[in-house]
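Undergrad:
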Amino acid sequence: MKAKIVITPKKAVLDPQGKAVQNALEHMGYGGIQAVHVGKYMEIEIDGERESVRKQIDEACHKLLSNPVIEDYHFQLE
Amino acid sequence: MNFAVLQFPASNCDQDAVHAIRVLGHKSRYVWHKEKSLSDADAVIVPGGFSYGDYLRCGAIARFSPVMQAVQQFAANGGLVLGICNGFQILCEAGLLPGALIRNRSLQFRCELVYLKTLTTDSPFSNLAPPGELLRIPVAHGEGCYFADEATLAKLKAKRQILWLYCNDRGEATQSAAPNGSLWNIAGICNERRNVGALMPHPERACETLLGSADGRLIFESMVRALEMRTEAQAA
Amino acid sequence: MNLTSETKVTPELVRDHNLTPEEYERIRQILGREPTYTELGIFSVMWSEHCSYKNTKPLLKGFPTQSPRILVGAGEENAGIMDIGDGLAIAFKIESHNHPSAVEPFQGAATGVGGIIRDIFTMGARPVCAVNSLRFGPIVEEEVSLHTAAAPRGKGAEAAMANGRLQMANNKRLFAGVVAGIAHYGNCFGIPTIAGEVYFDESYEGNPLVNAFCLGVLRHEQIARGAAKGTGNPVFYVGPATGRDGLAGAAFASQDLTEESAEIQRGAVQVADPFMEKLVCEACLELLATGAVAGMQDMGAAGLTCSTCETAARAGTGIEIELSQVPQRAPNMTPYEIMLSESQERMLIIVRRGREDEVKRVFEKWDLPWAQIGVVTDTGRMVVKNHGQVVADIPARKLADEAPIYQRESRPPSYLQEVRGFSLDSLPDTADPVPDLKALLAWPSIASKNWVYRQYDHTVRANSVVGPGSDAAVLRIKEDSLPPVDENPKSEIRNPKSEKFIALSVDCNAAYVYLDPCEGGKIAVAEAARNLACTGATPLGITDNLNFGNPHNPEIFYQLRRAVDGLAEACRAFEVPVTGGNVSLYNQSPAGPIDPTPTVAMVGLIERPEHITTQWFKDEGDAIFLLGDLIDLKDPLFGLGGSAYLRRIHRLKTGLPPRCELNSEKRLHDALRTLIRAGLIKSAHDCSEGGLAVALAEGCLSHQVARDTSRLNGASIDLTEFPAARLDALLFGETQGRVVVSAAPAAALEILERAKVLGVAATRLGRVGGDQLRIKTGRRELTWYLRELHDLWWNSIARAMK
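Residue numbers (my numbering), protein chains in the order written: chain A, 1 to 78; chain B, 1001 to 1236; chain C, 2001 to 2802.
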């Protein structure tokens, strides 16, 4: 099984990287950009029963893979 | 006094902390991240560096090392813990301090001397800071922008947990005085119980006039003073 | 003998490996048969210029390499080592990573830093500081228009400008990427990047220069050798697994690689892992302390190939390795790929037989991947097996030391005629020096490099006494600068005499070298020595990085030959040996070769902390002097040839550069050190790019107290006694052998008297004070406000990079 995890900065947190990318895109002439957020994407290959894997990944996201103070996460299992 | 200086893989200011403590005439020893005990330490320093390469997030992996379980226990028992730079990041990740440190607003690493204004001398880390005088101490970090949500910030202010602010040479906490875009210009804080403190600047690099500033001594000397007062109180 | 060759070696394949038919014939003679494909790859990298110096070896013999302080000399090992007294020594070296940085600036520069740090700890030294020398194409419009000065007006000019802007954007991308890469690696490793230089010139467009230097400290008895000593000793591999990284950087055969070629190209960029390097470094130093190590060598250029054959060649032994034991990151790697991979942060360690367990224990403490991959033999051969089958079997010494040597043809470049013919007759004197000085201070090659060095951690390890932004950096050496003496690092003091001060400077004015290769070479050494003298240091030795174009071009080879002549002559004059270095040739883009750039990194020693001197003025009322002659009247261009003034203000890179009188230069440095040691000097700053006016301005501007806080100290200068024929030459001429010093007024008389005895011209120029720089000449009184100058000087690179 593969867990695909996406971690994004919380909306309230300053995201200078996202801001820099947004500026660059605007300079390149891409119009209508409202906001850019730069986060992380991870893949974890894992074996086990689906529901217990979901639990494990959720816990790992909360404990290690993201920092709940500044980041949100969501994931899907494939 | 006996300081324990933690060593994680790719800690790189551990030697500097040990040196600074030696310059001040105190003892220190390295504690390897795989150790489970701090033995007879009077205080703990979580030094700067790039523990575990700062992969994932700064300090995120270090907090799970065996020695950090010992530090949790040490802090819970009221022991003094000072985090410097990466050490600040680790203590936040470990939940020993509120908030988080994120990438500098400039997106660049910054290494330079900064002025710090001490907001309160009511802490074991700042009790010797002369009122009205600024400290001049170097920073060297890429992710030192302090962040906390509004409720946390309000609490930090109310409980006087903010120890140092970045300021200009006139003591004003202007936006451009902060090298990293920190919330409210926060450079260092302590926990509510006031036994765990941390700052992004490196006091251990500012303990000798030869290196341009000896202001960092005040922070370590404050810790020594606090420990001595504790011993005196216990004796009495 | 029946060897396994995975691919048939054809004449095309030989050519694709950059080997000539004659070289191939020589390989056949050495082997007594046709080489296998793997062997072909091995010979091609070992006989490349980078590993063999086949085009430059005869020239490099001209360098002085001896001194009583030399413990490990040039060419012996990965880096030279010099004695600094009290049983302590320093190891240092510079190396280029130009082409990798042009392809991928961040990783290219980062791996360059990683490579040079490895060279240092391979010698058993603890790396304690990094320095770098960088060159890029222009990052501001003023220079871009240099291209178009000769272009037609109208549409052609517009197109040229547009092209120039495109180039400029690319130059900025490379500059930003290289600086970030150096910062990433050095900061994470925890080494202070304490000095450097950055120049911008159109000749580097598309071919930036990234020269990285590292210095380490050790005790004499801790010197480690890259030799595979002791038949029967096991050979260990430590560090991350081998991938296909850097294959294209060595000798990349394009044919036979169809399906895989895309994958290999992608894998070609070497990725830096400073975290791994930090662990490998600490583990290696601990390992050496156990005494279980017989020899150690990093896997740098040509990776496993170079490290195995060089260690065997040095020890006069043989080595046999089994590739299936080598940790591999990518599936289905061929012996050719494993041998030529340049995956980073790997080390080859020869362990004393019977002490394997001690070694394994250290690797495990640091959680490092390791493998035992072979054994030292007495055959004199480098034997490579893959699953038991021999894929290469080469006499190690012939491979490592007997590359062909070429005497290249040399011819004075045709442009030199025009350069020599340039006179000041065609050039009107400056109409107004006030804007000229502002323009020079804002010129990125002269402007403050704080945008660069504030990204580098230059204070880690708590030894940086003088950081970037003065003539030379000064680093303290203390007990914890040394490698451990036993496995478990402790914290008590062992050697109280270990506190010493090392000064470092890296220099090269490549425009001078372009205009007169020999004189320019001399000046590179003289300027480095002068910078050290300004801090109070006595030079110990140099490491050089010769960056040139294609040596097959006789005009380029002339530049190389004459520059080396100049460097060597100056080294002899200053009594500084060359302890090693690096040669980087083929530095050219389609637009042409780079300006010849023989970068000189010089290391010096300061015995006492109170002698450490910085470049900025200190106190109001102090007297300002010039040591050396104000103008070289024997120079028909009065120091304006090749000057920053000609280049920036008149957009001319021409004229013979100022002359370098080595005897008087040496006399000046000795005198300056004597005055400093007598406690008479408060500041010392040499005159280089931009001449006297820029040196004075920098004396006023360069004292940075903290972030956003500079201490500006004005100066009032009176030059009315010098009836100069030209104002531009007086203010901006770059006559060599000059230093601006300041001192307490009470010391003035003594300075003048002592200078006279020491045989050096000394002139009182004025005094420190006020918030302006004021220069009074016979013709005009000039005034600049320091706030304005500071902004131009301090912020211009940051503005260009916004």
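C-beta: ideal position from N, C-alpha, C; glycine also. Keep in mind that this is a model prediction, so the values were computed, not measured.
(1) May I ask which residues mark the beginning and end of the beta strand (DSSP E) holding proline 16(A)?
(2) Go to valine 69(A), then tell me how far its alpha helix (DSSP H) extends in each direction, as first and last residue.
(3) Under the rule that 16 or more other beta-carbon atoms within 10 Å means buried, what is glycine 2085(C), buried or exposed?
(4) Could you pull the start and end residues of the beta strand (DSSP E) that tyrosine 1146(B) belongs to?
(5) Can you tell which of Ile2027(C), Asn2170(C), Tyr2053(C) and Ile2120(C) has its C-alpha closest to the C-alpha of alanine 2800(C)?
(6) Are three or more beta carbon pairs between the stretch 1070 to 1088 of chain B and the stretch 1196 to 1215 of chain B nearer than 8 Å?
(7) Short of 7 Å Cβ to Cβ, which residues in the stretch 1091 to 1125 of chain B face chain A?
(8) Rounded to whole angstroms, how far is the Cβ of leucine 2696(C) from the Cβ of leucine 2605(C), which I believe are closer than 8 Å?
(9) Cysteine 1013(B) and glycine 1048(B) - do their beta-carbons sit closer together than 7 Å?
(10) Taking leucine 2765(C) as part of the beta strand (DSSP E), name the residues at either end of that continuous run.
(11) Between leucine 1210(B) and chain C, is any beta-carbon pair separated by less than 7 Å?
(12) Can you grab the Cα-Cα spacing for the pair alanine 2253(C) / leucine 2040(C), in whole Å?
(13) Give every residue of the same chain whose Cβ lies closer than 7 Å to the Cβ of threonine 2231(C), excluding the five residues on either side of it in the sequence, and list them in chain order.
(14) Tell me which residues of the stretch 1144 to 1155 of chain B have at least one Cβ-Cβ distance to chain A shorter than 9 Å, keeping chain order.
(15) Could you tell me the alpha carbon to alpha carbon distance between alanine 2403(C) and alanine 2313(C), rounded to whole angstroms?
(16) Quick test of the definition: if touching needs 3 or more C-beta pairs under 8 Å, does the stretch 2636 to 2645 of chain C touch the stretch 2414 to 2433 of chain C?
(17) Going by CA-CA distance only, name the one from Pro2011(C), His2387(C), Leu2437(C) and Asp2544(C) that's closest to isoleucine 2373(C).
(18) Could you say if the stretch 2618 to 2630 of chain C and the stretch 2575 to 2587 of chain C meet the contact criterion of at least three C-beta pairs nearer than 8 Å?
(19) Does the beta carbon of glutamine 1175(B) come closer than 7 Å to any beta carbon on chain C?
(20) Using a Cβ-Cβ distance under 7 Å, would valine 69(A) count as near chain B?
(21) Helix or strand or just coil, what does DSSP make of arginine 2476(C)?
(22) Can you give me the C-alpha to C-alpha distance between isoleucine 2523(C) and leucine 2630(C), rounded to a whole angstrom?
(23) Counting beta carbon pairs with one atom in the stretch 2075 to 2084 of chain C and one in the stretch 2209 to 2228 of chain C, are three or more of them shorter than 8 Å?
(24) May I have the straight-line CA-CA distance separating glutamine 1015(B) from serine 2481(C), to the nearest angstrom?
(25) Return the residues of the stretch 2449 to 2461 of chain C that lie within a Cβ-Cβ distance of less than 7 Å from chain B, sorted by chain order.
(26) Which one of Ser2044(C), Gly2087(C), Gln2222(C) and Ala2570(C) has the shortest CA to CA distance from leucine 2340(C)?
(27) Under 7 Å Cβ-Cβ, which residues of chain B neighbour glutamine 17(A)?
(28) Looking only at C-alpha atoms, which of Leu2368(C), Gly2246(C), Thr2056(C) and Ala2601(C) sits nearest to tyrosine 1052(B)?
(29) Measure the C-alpha to C-alpha separation of proline 2234(C) and methionine 2333(C) and round it to an integer number of angstroms.
(30) When you compare each of Cys61(A), Gly32(A), Val69(A) and Glu78(A) to glutamate 45(A) by their alpha carbons, which one comes out closest?
(31) Please confirm whether cysteine 1207(B) and glycine 1181(B) have their CB atoms less than 7 Å apart.
(32) Alanine 1043(B) bridges to which residues according to DSSP?
(33) Does the stretch 2595 to 2605 of chain C come close enough to the stretch 2657 to 2669 of chain C that 3 or more CB-CB pairs lie under 8 Å?
(34) Is glutamine 2344(C) buried or exposed, if buried means 16 or more other CB atoms sit within 10 Å of its CB?
(35) Identify, in the order they occur along the chain, each residue of the same chain with its Cβ nearer than 6 Å to the Cβ of glycine 2641(C), setting aside the five sequence neighbours on each side.
(36) How about alanine 2183(C): is its C-beta nearer than 7 Å to some C-beta of chain B?
TA: The structure says:
(1) Premise fails: proline 16(A) lies in the alpha helix (DSSP H), 16 to 27, not in any beta strand (DSSP E).
(2) Unbroken run through valine 69(A): none, as it is neither H nor E.
(3) exposed
(4) 1145 to 1147
(5) Asn2170(C)
(6) yes
(7) Glu1093, Gly1099, Ala1100, Ile1102, Arg1103, Arg1105 and Leu1107
(8) About 29 Å separates the two Cβ atoms, so there is no contact after all.
(9) yes
(10) 2762 to 2768
(11) yes
(12) Residue placement at alanine 2253(C) cannot be trusted, given a pLDDT of 31 that sits under 50; the coordinates are not used to answer.
(13) Thr2317, Val2376, Thr2377 and Asp2378
(14) Cys1145, Phe1147, Ala1148, Asp1149, Glu1150 and Thr1152
(15) 13 Å
(16) yes
(17) His2387(C)
(18) no
(19) no
(20) yes
(21) strand
(22) 17 Å
(23) yes
(24) 9 Å
(25) Arg2454, Gln2455, Tyr2456, Asp2457, His2458, Thr2459, Val2460 and Arg2461
(26) Ser2044(C)
(27) Arg1103 and Leu1107
(28) Leu2368(C)
(29) 24 Å
(30) Glu78(A)
(31) no
(32) Phe1003(B) and Leu1080(B)
(33) no
(34) buried
(35) Gly2655, Leu2656 and Pro2657
(36) yes
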